[in-house]
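Residue numbers (our numbering), protein chains in the order written: chain A, 20 to 29; chain B, 270 to 481.
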């Protein structure tokens, strides 16, 4: 979702 | 993780390694913009603050540590160890013209108004334009060494590959982050002119030289 809390990319 | 994301990360990793090795082995940082390197260090530190709050994976943590480490190593080599070879006069881009707008934009357009989220957003905005002092330096001197061109190509490709990753994730996982996508497009577009020169000149064995 757009409001994903954890940014899992670098 | 998908093939585009992995290729993007490896391209990014290759870029930072090329840069450190180039400076180390030639004992010179001629042609490299220290200002871009300072901006990248700010990008990594403000984005990877979540190293201390969130654990994603060993892969994720290792890459973040490597990017921060390589970035500080580059700055140390440029501003201390091989300081004498640093080309100040051609590195005259004013970074406050990039820092001020990206800080303001991050305060205005973010997903959540928390310290970590605003800093993450700022790092995304800043990264998209952080290469400008380097491109400005190349345009000022009118040329770049081939190893510097390889560095720029790997660094520019990384966000381009991330664009493919975001398209894939949108369809496969219904996941998207608008801030990262728009900034990634801006970032990739800034390299287009360079990509063109790289493909038409450097890959054909010629030096990257701008038309007079």
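Backbone N, C-alpha and C fix where the C-beta goes; we use that ideal spot for every residue, glycine too.
Chain-ordered chain A contacts of residue i [CB-CB under 7 Å]
i                     : result
residue 389 (chain B) : 26
residue 379 (chain B) : Simply none; closest approach about 11 Å.
Residue i CB to nearest heavy atom of the ligand ZN below 7 Å
i                     : result
residue 405 (chain B) : No copy of the ligand ZN occurs in the structure displayed, which carries no ligand at all.
Run of the alpha helix (DSSP H) containing residue i, from where it starts to where it stops
i                     : result
residue 462 (chain B) : 447-469
residue 250 (chain B) : Residue 250 (chain B) lies beyond the residue range present for chain B, which begins at 270 and ends at 481; the question has no answer from this structure.
residue 278 (chain B) : 272-295
residue 310 (chain B) : 303-316
residue 480 (chain B) : Segment: none, residue 480 (chain B) is in no alpha helix (DSSP H) and carries neither H nor E.
residue 363 (chain B) : Here residue 363 (chain B) belongs to no alpha helix (DSSP H), and DSSP marks it neither H nor E.
residue 421 (chain B) : 415-442
residue 299 (chain B) : Here residue 299 (chain B) belongs to no alpha helix (DSSP H), and DSSP marks it neither H nor E.
residue 339 (chain B) : 327-345
residue 355 (chain B) : Per DSSP, residue 355 (chain B) belongs to no alpha helix (DSSP H) and is neither H nor E.
residue 385 (chain B) : 384-398
Anticipated Cβ contact below 8 Å, residue i with residue j, distance rounded
i                     : j                     : result
residue 409 (chain B) : residue 364 (chain B) : 15 Å between Cβ atoms; not a contact.
residue 482 (chain B) : residue 392 (chain B) : Outside the shown range of chain B (270 to 481) lies residue 482 (chain B), about which nothing can therefore be said.
residue 335 (chain B) : residue 282 (chain B) : 7 Å
residue 372 (chain B) : residue 379 (chain B) : The Cβ separation is near 11 Å, so there is no contact.
residue 390 (chain B) : residue 298 (chain B) : Going by Cβ atoms, the distance from residue 390 (chain B) to residue 298 (chain B) rounds to 30 Å, so no, they are not a contact pair.
9 Å Cβ cut-off: residues of chain A touching residue i
i                     : result
residue 333 (chain B) : 29
CA-to-CA distance, residue j to residue i, given in whole angstroms
i                     : j                     : result
residue 310 (chain B) : residue 440 (chain B) : 33 Å
residue 20 (chain A)  : residue 423 (chain B) : Here residue 20 (chain A) scores only 37 on pLDDT, less than 50, and its place in the model is too uncertain to base an answer on.
residue 395 (chain B) : residue 438 (chain B) : 23 Å
residue 431 (chain B) : residue 333 (chain B) : 16 Å
residue 470 (chain B) : residue 300 (chain B) : 18 Å
residue 294 (chain B) : residue 429 (chain B) : 29 Å
residue 351 (chain B) : residue 405 (chain B) : 22 Å
residue 277 (chain B) : residue 460 (chain B) : 15 Å
residue 444 (chain B) : residue 435 (chain B) : 8 Å
residue 447 (chain B) : residue 29 (chain A)  : 15 Å
residue 482 (chain B) : residue 348 (chain B) : Nothing in the structure corresponds to residue 482 (chain B), since chain B is present only between 270 and 481.
residue 286 (chain B) : residue 345 (chain B) : 15 Å
residue 291 (chain B) : residue 308 (chain B) : 19 Å
residue 26 (chain A)  : residue 306 (chain B) : 23 Å
residue 382 (chain B) : residue 442 (chain B) : 26 Å
residue 481 (chain B) : residue 321 (chain B) : 49 Å
residue 370 (chain B) : residue 399 (chain B) : 12 Å
residue 356 (chain B) : residue 312 (chain B) : 23 Å
Amino acids of chain A, ordered along the chain, whose beta-carbon sits closer than 8 Å to that of residue i
i                     : result
residue 329 (chain B) : 27, 29
residue 274 (chain B) : 28
residue 281 (chain B) : 29
Residue-level contact to chain E via CB, residue i, 8 Å cutoff
i                     : result
residue 278 (chain B) : Checking the listed chains, one finds no chain E in this structure; the protein chains it contains are A and B.
Nearest residue (CA-CA) to residue i, options the options
i                     : options                    : result
residue 464 (chain B) : B:394, B:427, B:381, B:318 : B:427
residue 419 (chain B) : B:475, B:347, B:448        : B:475
residue 472 (chain B) : B:415, B:436, B:366, B:434 : B:415
residue 317 (chain B) : B:306, B:307, B:308, B:330 : B:330
residue 467 (chain B) : B:412, B:282, B:378        : B:412
residue 385 (chain B) : B:290, B:315, B:279, B:298 : B:315
residue 358 (chain B) : B:288, B:407, B:286, B:291 : B:407
residue 402 (chain B) : B:379, B:367, B:388        : B:367
residue 284 (chain B) : B:320, B:458, B:339        : B:339
residue 289 (chain B) : B:342, B:319, B:335        : B:342
residue 478 (chain B) : B:450, B:320, B:327, B:417 : B:417
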